[in-house]
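Colleague:
Residue numbers (the working numbering): 64 to 403.
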């Protein structure tokens, strides 16, 4: 069996105090604005955003003891799993660099403030802009007489890495691949590949922040998230880019898009930060719109303080029974390995 160092950190948040949006780990600080870098060479390989615009990243250079260390962070922002949602997305900053801000605030783990970001403040820090709608994993093109959509997240990942290698990434001593939400999911699919680009003596690790999306039934006992990811994998040509060991092991290879199935096949050291009461998974996996056609959960999802006693009982029971057990069952084998 592959050995893997795994640190799982759970934030057990009270249902009455969590606001209804995903929160990635950040701290208040002075604003550090970093300019966008487009990747012109990406056009040759077809590594384009949904609308055909060039992919981009933001780089803030390291210094001192951190000048040879690199931190890359995937931007998050959900997915599009059908033509309509992808066409809509292509007209926004989630699908085109044309609509993105050219200067990004570097905060939290990207900060250059030693007090707020003691571990990485002087590293080379890179934010990879998200414009493909599939956590940087797709490789397909849709076209008809009027529209072309580029599902090229995998190629975008490769193009940005190739752009960074001669800038110093190719000689990194330490490197961390990170991401939040859909960006956190991207780290599961690119962690081992990231390590292969770097020197064999480099210390390479990965971090997923709020990206451990679960394959669980909703309150109607339907696998809504499973079918959403399945349609995403099919639309964007993702299956060939998933972990080969995982896809060969599962009867339904598209399930390898879920971290809980892909994790065991990752050999690079991994850190996972995920809330046991994840508000996105509450709203989109446990109680998706398709499972609440009459809107009984609408107020509860908008403000957890508005949930009825029965809804709280359902949430707590479901999270402990399904979500909590899924998280634990996914991580438990690695605790056992470390204890051997």
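No residue lacks a Cβ here, since even glycine has one placed at the ideal position from N, Cα and C.
Can you tell me where the alpha helix (DSSP H) holding residue 291 begins and where it ends?
Modeller: Its alpha helix (DSSP H) spans residues 287-298.
Colleague: Relative to the C-alpha of residue 380, which residue among 302, 313 and 345 is closest?
Modeller: Residue 345 is the option with its Cα nearest to residue 380.
Colleague: Which partner residues does residue 157 have in the DSSP bridge list?
Modeller: Note: residue 157 sits in no beta bridge, so no partner.
Colleague: Enumerate in chain order the residues of its own chain whose CB-to-CB distance from residue 321 is below 6 Å, with the five nearest sequence positions on each side excluded.
Modeller: Cβ within range, chain order: 278.
Colleague: Going by C-alpha distance, which of 158, 178, 152 and 282 is nearest residue 348?
Modeller: Closest by alpha carbon: 282.
Colleague: In or out: residue 341 buried (at least 16 other Cβ within 10 Å) or exposed?
Modeller: Residue 341 should be labelled buried.
Colleague: Considering residue 256, what are the terminal residues of the alpha helix (DSSP H) in which it resides?
Modeller: Where residue 256 is concerned, the enclosing alpha helix (DSSP H) stretches over 245-260.
Colleague: Could you pull out every residue in the same chain whose Cβ sits closer than 7 Å to the Cβ of residue 138, ignoring the five residues on either side in sequence?
Modeller: Closer than 7 Å at Cβ, skipping near neighbours: 190, 191, 192, 193 and 246.
Colleague: Taking the beta strand (DSSP E) that residue 184 falls in, what are its first and last residues?
Modeller: Neither: residue 184 is in no beta strand (DSSP E) and is coded neither H nor E.
Colleague: Name the one or two DSSP bridge partners that residue 190 has.
Modeller: Answer is 121 and 136.
Colleague: What distance in whole Å lies between the Cβ atoms of residue 158 and residue 114, which are believed to be in contact at a cut-off of 8 Å?
Modeller: Correct: roughly 6 Å between the Cβ atoms.
Colleague: Tell whether a beta-carbon distance below 8 Å holds between residue 240 and residue 135.
Modeller: Yes, the pair counts as a contact, with Cβ atoms nearer than the cut-off.
Colleague: For residue 98, I'd like the list of residues in its chain whose CB is within less than 8 Å of its CB, leaving aside the five on either flank, ordered along the chain.
Modeller: The answer, listed in chain order, is 121, 165 and 166.
Colleague: So residue 196 and residue 244 are supposed to be a Cβ contact under 8 Å. How far apart are they, rounded?
Modeller: 13 Å between Cβ atoms; not a contact.
Colleague: Here's the rule: buried if 16 or more other CB atoms are within 10 angstroms of the residue's CB, otherwise exposed. What is residue 85?
Modeller: Annotation note: pLDDT 46 at residue 85 (below 50); position unreliable, no value reported.
Colleague: Give a yes or no on contact between the segment 142-162 and the segment 251-263, applying the rule of three or more CB pairs nearer than 8 Å.
Modeller: These segments do not touch.
Colleague: Closer than 7 Å by C-beta to residue 292: which residues in its own chain qualify, once you throw out the five before and the five after it? Chain order, please.
Modeller: For residue 292, where only same-chain residues beyond five positions count, the Cβ hits under 7 Å are 317, 320 and 321.
Colleague: How many Å lie between residue 264 and residue 369 at the Cα?
Modeller: Taking the straight line from one Cα to the other gives about 53 Å.
Colleague: Grab me the residues of residue 393's own chain with a C-beta within less than 7 Å of its C-beta, minus the 5 sequence neighbours each way, in chain order.
Modeller: Taken in chain order, the residues that qualify are 323 and 326.
Colleague: With a cut-off of 8 Å on the beta carbons, I'd call residue 144 and residue 353 a contact; round off their distance for me.
Modeller: Between residue 353 and residue 144 the Cβ distance is about 13 Å, and since that is not below 8 Å, they are no contact.
Colleague: Reducing DSSP to helix, strand and coil, say where residue 208 ends up.
Modeller: Three-state DSSP puts residue 208 in coil, outside helix and strand.
Colleague: Suppose you measure from the CA of residue 91 to the CA of residue 175; what does that come to, to the nearest Å?
Modeller: Reliability of the predicted coordinates at residue 91 is poor, the pLDDT of 48 falling under 50, and the value obtained from them is presented with this limitation in mind. About 12 Å.
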